[in-house]
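Reviewing the structure listed below.
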Amino acid sequence: MGNVHGRMTGLTLFTPIRPQWVWFLKIGLPLTRHLPFMARHILQFNFIKFVRWTIVPGLDGERLNYRYLYFESNFDGPWQHYIDAFAYVIPLDIRVTWGRGPGFPAPPPAEPLKAWIAMNSMDGGTYYCAHADESTRMVNNALAVKERFDALDRDVPPDEFQAAWERFLSDAQAHL
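The sequence shown stops at residue 176 when you use UniProt numbering, and every number in between is there.
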């Protein structure tokens with residue numbers, strides 16, 4: 001299930017959407033990009049590196065019974081932990097997004113959702129992660145240290161630099 005590379009796992013789902021709910025997702029998914037309060041639930045998980053939903057309208061020359069919701073994400077750790085977090089922390093969000101498809105088992109509990117995801121998931125043909133051996137938290141901490149380091153004034157007399165350096169070390173300590 002999914003692709004594993006270093007600490008990262010990639011998850012790809014391709015799930016049908018009932019026709020009467022396509023309009024809802026066509027409006028709701030783009031809105032989350034522009035309204036921070038709508039995206040807040042997914043952004044609270046600091047183990048997610050990337051997440052994307054796309055509505056697939058159909059295939060050229062082939063009639064499909066449904067439109068499909070294409071979901072891809074990469075995150076720290078095994079996919080089962082990822083699904084546990086969604087099922088128990090933001091179950092309403094999950095029901096709103098995927099509950100429009102046939103056979104969806106509304107969480108919680110997580111186990112039926114995991115079985116449904118295993119049934120609808122596929123290995124990605126291409127999987128890339130820039131920092132596969134570092135967790136999302138490690139990358140965010142490194143960026144925080146770099147930001148503080150870049151703000152350090154190096155063009156000051158030695159005694160002032162020492163004080164600035166000690167402030168930098170104290171401030172950056174939580175990220176090391």
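All residues carry an ideal CB built from backbone N, CA and C; glycine is no exception.
Taking just the CA atoms, how far does residue j sit from residue i?
i	j	result
Pro105	Ala118	13 Å
Leu69	Lys114	17 Å
Phe45	Glu160	39 Å
Trp23	Asn140	36 Å
Trp53	Asp133	25 Å
Phe149	Met138	16 Å
Ala174	His34	31 Å
residue 248	Leu169	Within the shown structure, residues of the chain are numbered from 1 to 176, placing residue 248 beyond reach of any answer.
His81	Ala163	44 Å
Trp79	Pro108	16 Å
Ile90	Ala110	11 Å
Gln147	Thr9	The sequence given here has Glu at residue 147, not Gln. Cα to Cα, the separation comes out at about 28 Å.
Asn120	Cys129	22 Å
Phe37	Ile55	22 Å
Arg7	Leu176	19 Å
Lys26	Leu143	34 Å
Thr12	Phe71	6 Å
residue 177	His5	Outside the shown range of the chain, which is 1 to 176, sits residue 177, and nothing can be said about it.
Pro30	Asp171	37 Å
Leu59	Trp21	19 Å
Arg95	Val145	38 Å
Could you have a look at residue i and say whether DSSP puts it in helix, strand or coil?
i	result
Ile83	helix
Phe50	strand
Val4	strand
Phe45	coil
Leu176	coil
Pro157	coil
Ala144	helix
Leu151	The displayed chain sequence assigns Ala, not Leu, to residue 151. Reduced to three states, the DSSP call for Ala151 is coil.
What residue does the beta strand (DSSP E) around residue i start on, and which one ends it?
i	result
Leu13	8 to 17
State the start and end residues of the unbroken alpha helix (DSSP H) segment that holds residue i.
i	result
His34	22 to 34
Taking 8 Å as the cut-off, is the CB of residue i close to at least one heavy atom of the ligand SAH?
i	result
His81	The model depicted lacks the ligand SAH and carries no ligand whatsoever.
Original post:
In the segment 54 to 141, which residue ranges form an unbroken alpha helix (DSSP H) of at least 4 residues, counting only runs that do not cross its ends?
Top reply: If one requires a minimum length of 4 residues, the alpha helix (DSSP H) runs lying completely within the segment 54 to 141 are 79 to 89, 91 to 98, 110 to 120, in chain order.
Subject >> Meets three-Cβ-pair contact criterion under 8 Å: the segment 62 to 76 and the segment 155 to 172 >> reply: In short, these stretches do not touch, since the Cβ pair count stays below three.
Subject >> the segment 11 to 23 in contact with the segment 89 to 108 per 3-pair CB rule at 8 Å >> reply: Verdict: yes, contact present.
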